[in-house]
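Written below as structure tokens is the structure these notes are about.
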Amino acid sequence: MKNYIFIIIALFALASANAQEERKFIRKGNNEFTEEKFLESEIEYRKALDKDNASFEAQFNLGDALFKQEKFDEALDQFQILAGTETDPQKLAQVYHNIGNSHFVMQKYQESVNAYKNALRNNPLDHDSRYNLIAAQKMLQQQQEQQNQDQNKDQNQDQQKQQDQKPQDSDGDGIPDEKEKENEQGQQNENQDTDGDGQPDYKDQDSDNDGRPDKQEAGDDPSNPKDTDNDGTPDYRDLDSDNDGTPDSEEEQDPNQQQKPQNQNQQQQPEDQMSKEDAQRLLNAIQQDENELQKKLRKAKAAQRPKTEKNW
Numbered sequence: 494m495k496n497y498i499f500i501i502i503a504l505f506a507l508a509s510a511n512a513q514e515e516r517k518f519i520r521k522g523n524n525e526f527t528e529e530k531f532l533e534s535e536i537e538y539r540k541a542l543d544k545d546n547a548s549f550e551a552q553f554n555l556g557d558a559l560f561k562q563e564k565f566d567e568a569l570d571q572f573q574i575l576a577g578t579e580t581d582p583q584k585l586a587q588v589y590h591n592i593g594n595s596h597f598v599m600q601k602y603q604e605s606v607n608a609y610k611n612a613l614r615n616n617p618l619d620h621d622s623r624y625n626l627i628a629a630q631k632m633l634q635q636q637q638e639q640q641n642q643d644q645n646k647d648q649n650q651d652q653q654k655q656q657d658q659k660p661q662d663s664d665g666d667g668i669p670d671e672k673e674k675e676n677e678q679g680q681q682n683e684n685q686d687t688d689g690d691g692q693p694d695y696k697d698q699d700s701d702n703d704g705r706p707d708k709q710e711a712g713d714d715p716s717n718p719k720d721t722d723n724d725g726t727p728d729y730r731d732l733d734s735d736n737d738g739t740p741d742s743e744e745e746q747d748p749n750q751q752q753k754p755q756n757q758n759q760q761q762q763p764e765d766q767m768s769k770e771d772a773q774r775l776l777n778a779i780q781q782d783e784n785e786l787q788k789k790l791r792k793a794k795a796a797q798r799p800k801t802e803k804n805w
């Protein structure tokens with residue numbers, strides 16, 4: 494029985510000694526912290542944890558010392574460990590407040606808002622957490638607005654980039670300006686003006702003024718305009734694109750390319766169709782001729798009839 498008592502007393506004495514050592518290191522760490530010697534205070538708090546690894550004060554103050562050294566990730570880890578083990582609401586409110594601060598300085602405002610809300614759940618009277626929550630919510634709103642602006646800016650830049658990559662076509666004829674600015678030697682010349690009308694080809698929808706739009710003469714691949722007679726001059730600049738001696742302006746265009754009548758519902762009358770008045774006059778003339786013919790026939794029959802004499 495005496496041996497058991499001796500062991501219990503020894504253990505109590507050892508625990509008491511460790512507690513005294515832990516408190517000594519915490520006090521020294523606090524003094525270093527007050528003097529803004531944060532690395533030194535970190536060392537002292539770690540010594541305290543060596544004596545008692547469950548010390549809330551040593552763990553919490555260690556997190557503060559790490560935060561002051563701008564070791565925000567390490568400080569956050571330290572506070573999150575406490576949040577997972579502490580059960581006292583007042584202490585948890587302090588822990589979540591510092592978790593919110595750690596997220597805030599790293600511009601993780603959504604996480605910061607969540608942490609401050611947890612602090613208030615554990616201590617509704619925590620005015621510091623309420624004030625910081627409002628600040629974090631404002632910063633979160635600004636951050637989201639900035640992200641939306643950046644996203645819109647990126648989209649506009651992408652659209653502009655696509656437009657810049659697309660060949661320019663000032664006159665909308667399908668032939669790129671770069672192609673229409675080429676002279677006979679293939680060199681770029683903005684003043685290239687095939688028909689000499691004062692309007693450069695890249696702004697002229699009928700560059701050779703033959704009555705056929707460049708878009709039509711360019712063919713199926715306007716970036717490589719058609720050259721029917723292979724003379725080196727594309728059709729949209731060639732007054733006789735098929736080299737048949739007849740200018741394009743005098744040749745009949747492809748029916749598929751011809752302009753349709755303005756009033757497609759109006760039907761054209763056949764050239765040999767007469768008006769109603771002419772038809773009536775013709776019928777009257779025919780009837781008159783018929784009447785004259787009948788008169789002549791009756792006279793002829795009367796002349797041929799034999800005379801009969803009566804025998805009295």
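Numbering (our numbering), first residue to last: 494 to 805. Glycine is no exception: its CB is placed at the ideal position from the N, C-alpha and C atoms. In this text the structure is predicted, and so the values were computed from the model without any measurement.
Nonlocal neighbours in the same chain, by C-beta distance under 7 Å from residue 686, ignoring five residues either side = Short of 7 Å from the beta carbon of residue 686, and not among the five residues preceding or following it, lie these beta carbons of its own chain, in chain order: 692, 693 and 694.
message = Judging by CA-CA distance, which residue of 629, 586 and 536 is the nearest neighbour of residue 518?
response = Checked all of 629, 586 and 536; the closest Cα to residue 518 is 536.
Rounded C-alpha distance that separates residue 626 from residue 562 = Roughly 23 Å between the two C-alpha positions.
request  = Output the distance between the C-alpha atoms of residue 759 and residue 726, rounded to the nearest integer angstrom.
outcome  = Per-residue confidence for residue 759 stands at a pLDDT of 44, beneath the threshold of 50, marking its modelled position as unreliable; the derived number appears in the next sentence. So the alpha carbons of these two residues sit roughly 41 Å apart.
query = What is the rounded straight-line gap between the Cα of residue 552 and the Cα of residue 637?
reply = Rounded to the nearest angstrom, the two C-alpha atoms are 34 Å apart.
request  = Enumerate in chain order the residues of its own chain whose CB-to-CB distance from residue 529 is below 8 Å, with the five nearest sequence positions on each side excluded.
outcome  = Around residue 529, the same chain offers 561 as residues with beta carbons nearer than 8 Å, after the five sequence neighbours per side are excluded.
key: Cβ-Cβ distance between residue 531 and residue 558 below 9 Å   = The answer is yes: Cβ separation under 9 Å.
ask   = According to the neighbour-count rule (16 or more other Cβ atoms, all chains shown, within 10 Å of its Cβ), is residue 718 buried or exposed?
value = Around the beta carbon of residue 718, 16 or more other beta carbons lie within 10 angstroms, which makes this residue buried.
ask   = Three or more C-beta pairs closer than 8 Å, one from the stretch 641 to 657 and one from the stretch 673 to 682: is that the case here?
value = Result no; under three Cβ-Cβ pairs closer than 8 Å.
key: residue 494 versus residue 574: straight-line alpha-carbon distance, rounded   = Any reading at residue 494 must be qualified, since the residue scores a pLDDT of 48, below 50, and its modelled position is unreliable; no value is offered.
request  = Within the stretch 538 to 577, note down every full beta strand (DSSP E) run reaching 3 residues or more, in order along the chain.
outcome  = If only uninterrupted beta strand (DSSP E) runs of at least 3 residues are considered, none is enclosed by the stretch 538 to 577.
For residue 675, three-class secondary structure by DSSP = Strand.
ask   = When the distance is taken between beta carbons, is residue 721 closer than 9 Å to residue 702?
value = Residue 702 places its beta carbon 9 Å or farther from that of residue 721.
message = Need the endpoints of the alpha helix (DSSP H) that residue 615 sits in, please.
response = The continuous alpha helix (DSSP H) containing residue 615 extends over residues 602 to 615.
request  = Give the range of the alpha helix (DSSP H) segment to which residue 627 is assigned.
outcome  = Annotation for residue 627: the continuous alpha helix (DSSP H) segment containing it runs 620 to 658.
request  = Count the other CB atoms, across all protein chains shown, that sit within 10 Å of the CB of residue 543; report buried if there are 16 or more and exposed otherwise.
outcome  = Under this definition residue 543 is an exposed residue.
query = Going by Cα to Cα distance, which pick from 729, 682 and 526 is closest to residue 700?
reply = Across the set 729, 682 and 526, the C-alpha of 729 shows the shortest separation from the C-alpha of residue 700.
task = With a threshold of 16 other CB atoms inside 10 Å of the CB of residue 782, please say whether the residue is buried or exposed.
result = It counts as exposed.
ask   = Alpha carbon to alpha carbon, what distance is there between residue 601 and residue 634?
value = So the alpha carbons of these two residues sit roughly 12 Å apart.
ask   = How many angstroms separate the CA atom of residue 670 from the CA atom of residue 689?
value = About 17 Å.
ask   = Who are the near neighbours of residue 753 in its chain, counting only those whose CB is closer than 7 Å to its CB and skipping five residues on each side?
value = With a pLDDT of 42 at residue 753, under the threshold of 50, the modelled position of that residue is not reliable, and no figure is offered here.
ask   = DSSP on residue 681, reduced to helix/strand/coil?
value = DSSP places residue 681 in strand when its eight states are reduced to three.
key: Three-way DSSP call (helix, strand, coil) for residue 582 in this model   = Helix at residue 582.
query = Does DSSP put residue 593 in a helix, in a strand, or in coil?
reply = Residue state, collapsed to three classes: helix.
task = Go ahead and label residue 525 buried or exposed: buried means 16 or more other beta carbons lie within 10 angstroms of its beta carbon, across all protein chains shown.
result = A residue is called buried when at least 16 other Cβ atoms come within 10 angstroms of its Cβ; residue 525 meets this threshold and is buried.
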